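There are 2 protein chains.
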Amino acid sequence: MAAYTARAHTNIALLKYWGKADAQLILPTTTSISLTLNEFYTETTVEFDEQLPHDQIILNGRVLKAHERQKIERFLDLVRQLAGIKTYARMVSINHVPTAAGLASSASAFAALAGAASAAAHMSLDPSDLSRLARQGSGSASRSIFGGFVQWDRGTDSNNSVAHSLKDPVDWPIQLITVIVSDQPKAVDSRSGMQNAFSNSPYYQAWVQHTNNSVPAMQAAIANYDLDTLGRLAEQNALEMHAQNMVANPPFNYLTDTSWGLIKMVQTLREQGLSVYATMDAGPNVKIISRPQDTEAIMTQLQQTYPDLKTQIATPGPGIQIWEEV
Amino acid sequence: MAAYTARAHTNIALLKYWGKADAQLILPTTTSISLTLNEFYTETTVEFDEQLPHDQIILNGRVLKAHERQKIERFLDLVRQLAGIKTYARMVSINHVPTAAGLASSASAFAALAGAASAAAHMSLDPSDLSRLARQGSGSASRSIFGGFVQWDRGTDSNNSVAHSLKDPVDWPIQLITVIVSDQPKAVDSRSGMQNAFSNSPYYQAWVQHTNNSVPAMQAAIANYDLDTLGRLAEQNALEMHAQNMVANPPFNYLTDTSWGLIKMVQTLREQGLSVYATMDAGPNVKIISRPQDTEAIMTQLQQTYPDLKTQIATPGPGIQIWEEV
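Here it is in structure tokens:
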């Protein structure tokens, strides 16, 4: 069977996914809205090969051992089940999402895997079906099938919990400056963090309600080219997500003193008239939502406040691309 | 008129006061429960003197200037109004609450002032009346009139928003180890912090509800000598208070990386079988609720984790004492 390659880009959530209403199917508690990013992506090639005694997975040039393959094997099992085949696969994947970028790579990784594996299994999935499939590898991967602004409807079953495009390509100037506070693996991984919040945080239900209630306003902000409303909603959503982690059991906290210093720096820049807003995922890095024309002013302030911190700039990116290797 | 001196001790809230339902009368949104502390107190002498052209305030040996006296003058005006006198007062106050202890001194300060000023004005106030009066200087001062475990009922008017004793003296072993993370003045003072939370935090109402709902369980824990329930409720209440500050407008945060390190150290000690719990007020210092018999184990762990941090140990203390100077 032929080898297929897929390239999928990572995304940053403006309204977050943080908790599963159904952990088996990965149905989220919130409808989330994200921006797919051009600069960071995963490229994955899959070929089903009758000769293989088991799945062979090569990640960033390294052959994974049996115990490291389990999550990907389970996902390939799902593809085989849908395609009605039993053949093992060779998967070669390269992550162009540097760890230091502070951006999750599982979104682009499982989106690319869904695209390459389904094509290699001769399934002809449309983007919605690809999104449903990718979701079952990693929730946020459902959004990385699409480019630009994307909404993942939380849904009530595996069919209607699916992402769709809100605006692609993005026809207005928006960028994300990630300030790297730490490139170390986080102490609490997303999966167990969101599970703890879901089960134990007394503020969790309020966060879910606020997130879902913010969806229409976020959609309108995107439709109206309104960076200030978009940024304000995103910053508020991120802070509420982090705040409720602090009261889970045990409590946990991704934001460090430097994260807070950056959040305050963003506030100060805003008081000076710039349209800049902060968002933070499951880690200490602060992502500054801003306009490209304000990059220099932001960088100057950052250089004064935190001269040692590295940054990465990302702009809106495209949806998944899939091709046959020849 | 004769000079009277009052000594009032500071207190630590186990269920917090953080926000005013009525800012004029200082009626709180929550019923709070505290422990009065033996080691930290304010001693204040007040004498009304016909010869004085204005109130004369000497705080820790320093004569306050006109603009520094305003809050105390307003409180003395309240006492004069209640007593039906117009005479100015000489007030000499010494705070035995070192700044570095990380404990608020306004509770003991306004409790002692209420006691000394009302006695000097020949008002014979019972503890409940003193509590109502002290409340109007600083909310938490209402609790410092009483010793041991104290409850301040939030109430609905100036009469029923008053503290009362839950248990005094405290007949079981409980102590508070304050770990001094910073002895600098806080960036956001309590008054404006709680006002911001009250007005702007989307989690504020949940915090108020959880606090008020925790009152019966905290009362039972105190009555039943149940340090673990008391500590668990106190730690949860403090974390929820801090979490909702993070989503006020603007967001603010008193807890630093070191505060979180100490919270985790307390968790670790608990996993090792010790009954230790953390609480934090409007600042980064962490107060460890514990048993005196566990002091050495806690100090050993602290010495290993944060060898440079200073500590202060406090035990249950008495209610206000008032005497005539002769």
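Listed in order, the protein sequences are those of chains A and B. Under the UniProt record's numbering, residues 1 to 326 are what the first sequence spells out, in order. Under the UniProt record's numbering, residues 1 to 326 are what the second sequence spells out, in order. Glycine is no exception: its CB is placed at the ideal position from the N, C-alpha and C atoms. Small disclaimer: the values here were computed from a predicted structure and weren't measured.
Neighbour list for residue i in chain B, Cβ cutoff strictly below 7 Å
i, result
"A243(A)", "Y203, A243, Q244, M246 and V247"
"W18(A)", "Chain B residues near W18(A): none, gap ~14 Å exceeds 7 Å."
Straight-line gap, residue i to residue j (C-alpha atoms, nearest Å)
i, j, result
"Y17(B)", "E271(B)", "29 Å"
"Q205(A)", "L27(A)", "16 Å"
"M241(A)", "E296(B)", "38 Å"
"F40(B)", "Q195(A)", "42 Å"
"E50(B)", "Y88(B)", "7 Å"
"Q151(B)", "A8(B)", "16 Å"
"D77(B)", "G319(B)", "25 Å"
"T29(A)", "A21(A)", "5 Å"
"residue 332(B)", "A282(B)", "Residue 332(B) lies beyond the residue range present for chain B, which begins at 1 and ends at 326; the question has no answer from this structure."
"K287(A)", "I174(A)", "12 Å"
"A109(A)", "N95(A)", "7 Å"
"N160(B)", "D153(B)", "7 Å"
"T42(B)", "A104(B)", "11 Å"
"S93(A)", "Q236(A)", "35 Å"
"N170(B)", "L239(A)", "Looking at the sequence shown, residue 170(B) is not Asn but Val. Rounded to whole angstroms, V170(B) to L239(A) spans 40 Å at the Cα level."
"P127(A)", "Q301(B)", "55 Å"
"L14(B)", "V215(A)", "38 Å"
"F198(B)", "H210(A)", "18 Å"
"F149(B)", "S138(B)", "19 Å"
"L63(B)", "M91(B)", "Inspection of the sequence shows that residue 63(B) is occupied by Val rather than by Leu. V63(B) and M91(B): Cα-Cα distance of roughly 10 Å."
"P307(A)", "V181(A)", "12 Å"
"G147(B)", "Y254(B)", "28 Å"
"residue 340(B)", "A111(B)", "Since the displayed chain B opens at 1 and closes at 326, residue 340(B) lies outside it and no answer follows."
Within chain A, partners of residue i - CB distance below 8 Å
i, result
"T256(B)", "D257"
"A206(B)", "P202, Y203 and A206"
"H67(B)", "None at all; the shortest Cβ gap to chain A is about 27 Å."
Burial state of residue i, where buried means 16 or more other Cβ atoms lie within 10 Å
i, result
"M299(A)", "exposed"
"I207(B)", "Checking the sequence shown, residue 207(B) turns out to be Trp, not Ile. Under this definition W207(B) is a buried residue."
"P53(A)", "exposed"
"S124(B)", "exposed"
"R143(B)", "buried"
"P284(A)", "buried"
"R80(B)", "buried"
"P185(A)", "exposed"
"W323(B)", "exposed"
"V326(B)", "exposed"
"G273(A)", "exposed"
Per-residue contacts from residue i into chain B (C-beta, under 8 Å)
i, result
"P251(A)", "L239 and I263"
"W260(A)", "N253"
"H210(A)", "P202"
Coil, strand or helix - residue i by DSSP
i, result
"Y306(A)", "coil"
"Q151(A)", "strand"
"S118(B)", "helix"
"D189(B)", "coil"
"N196(A)", "helix"
"P28(A)", "strand"
"H54(B)", "coil"
"L125(B)", "coil"
"Y204(B)", "helix"
"D1(A)", "Just to set this straight, residue 1(A) is Met in the shown sequence, not Asp. Coil."
"Q70(A)", "helix"
"E271(A)", "helix"
"F252(B)", "coil"
"V266(B)", "helix"
"W323(B)", "strand"
"Q236(A)", "helix"
"F48(A)", "strand"
"A62(B)", "Correcting the residue type first, residue 62(B) is Arg in the shown sequence and not Ala. Reduced to three states, the DSSP call for R62(B) is strand."
"M91(B)", "strand"
"N159(A)", "coil"
"L103(B)", "coil"
"residue 330(A)", "Outside the displayed range of chain A (1 to 326) lies residue 330(A), so it cannot be described from this structure."
"V97(B)", "coil"
Distance cut-off 8 Å: residue i Cβ against heavy atoms of the ligand PLP
i, result
"Q56(A)", "In terms of ligand content, the structure shown is empty, and the ligand PLP therefore cannot be addressed."
Which residues, taken in chain order from the segment 128-157 of chain A, show a beta carbon closer than 9 Å to some beta carbon of chain B?
-> none
What residues in the segment 263-282 of chain A bring their beta carbon closer than 9 Å to a beta carbon of chain B?
-> I263, K264 and Q267
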